[in-house]
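Q:
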Amino acid sequence: MPKPLHMGSLYLTMKICAISPLISASKNDILQFISICKHDLVVLPGNATNHPSYQSVANVLKPGVFAFVETGLGKGESVPWLVSSTQKVEMPSQIFARKPTTRELDQLQDIWPKRTHKIKERVVSFAICGEIDAFAKDGSVKAGRNLPYDVLVNPTHTTRGRWNHLGVKLNNLSTNTAVVHVANNDYDHHGITTNVRIYVNGEVMNRQVSGKVTWSECEI
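Quick note: the numbering used here has the sequence shown finishing at residue 226, numbered continuously throughout.
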C-alpha cells in the first residue's frame, strides 16, 4: 500500500478539532462552540442548512485558528472554504459522490493541489464527502492516480453506512498520520458513533459531547 506523503516535520505538531452538530443545532450554537476553540484547525462537516456562513465562521475564530466550512445549495453545488480571522480561501467544489469514473479521478487529481493547504507546520488535504472513495479499502488510490497527503480530512454531508469497509479504509489511510472523518448528525441524537471519527496511526480518538455538538480532537 502506498504511504502518505508527509510534508510536515515529525517534531512539529498541529491540533485538530472535528465537530458534528445535531441537525437541530442552530447557527449560533455552532458559532459559539467554534468561538472557544484554540485548535489550529476546526473542521465542520459538509454543507447543511443549519451551518453558519463562512464569513460568520471567520468572524468568530480566534487568531491563528483555521476552519473548514462548506456553504451553498447542497451536494455538488456547494463551495468549500478554508478560513481564518484574516484569510478566506475558496476551494474547488466536490467532484463526485460515489463510485468515481476514471475521468472523475483525473479531475480530482487535477484540483488536489487547490484542496491542499499548509496549516501551521503540517499540510492538510480535503476530500469532500464521497471523494473518499477515490481511495481503495487498503488505502491506495484507485486506477493508479496520485493523491498525496500529509494529513487527510473528509468532511461529509450525512452519516455513512458500510463501516466494515469505510472504517478499515480510514484506518489504513491513517498510517503514520491522521485522518479526520466528520458528518452532520442527521439522526439528531448523540447515540451514534459514526458521525465523527479521527484516526491517528490506526487509533480512534475519543468522542466528546458539548451541548448540541459532538466533537473529537487530536494532535499530529
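Positions of the beta carbon are idealized from the N, C-alpha and C atoms, including for glycine.
1. Looking at L67 and S90, is the spacing between their C-beta atoms short of 7 Å?
2. Does T122 have its Cβ less than 7 Å from a Cβ in chain C?
3. By a C-beta neighbour count over all protein chains shown, 10 Å radius and 16 as the cutoff for buried, is V49 buried or exposed?
4. Cutting at 7 Å between CB atoms, please list the residues of its own chain near L172, excluding the five before and the five after it.
5. Enumerate, from N- to C-terminal direction, the unbroken alpha helix (DSSP H) stretches of 4 or more residues contained entirely within the stretch 30–95.
6. Cβ of E96 within 7 Å of Cβ of F102?
7. Quick one, are the C-beta atoms of Y205 and V219 less than 7 Å apart?
8. Please report how far the alpha carbon of A149 lies from the alpha carbon of L114, in whole angstroms.
9. Within 10 angstroms of the Cβ of N152, are there 16 or more other Cβ atoms? Answer buried if so, exposed if not.
10. Around the Cβ of E83, are there at least 16 other Cβ atoms within 10 angstroms (buried) or fewer (exposed)?
11. Rounded to whole angstroms, how far is the Cβ of V188 from the Cβ of S26, which I believe are closer than 8 Å?
12. Compute the beta-carbon to beta-carbon distance between G208 and N177, rounded to the nearest angstrom, for a pair I have assumed lies under 8 Å.
13. Taking the alpha carbon of D112 as the point to measure from, which residue in I125, C135, L158 and V147 has its own alpha carbon closest?
14. How many Å lie between R121 and S222 at the Cα?
15. Quick check on DSSP: helix, strand or coil for T108?
16. With a 10 Å radius around its C-beta and 16 neighbouring C-beta atoms as the bar for buried, classify H57 as buried or exposed.
17. Tell me the rounded alpha-carbon separation between Y60 and N182.
A: Looking at the atomic coordinates:
1. yes
2. Of the protein chains in this structure there is only one, and it is not chain C.
3. buried
4. R166
5. 33–41 and 60–66
6. no
7. no
8. 12 Å
9. exposed
10. exposed
11. 5 Å
12. 5 Å
13. V147
14. 22 Å
15. helix
16. buried
17. 31 Å
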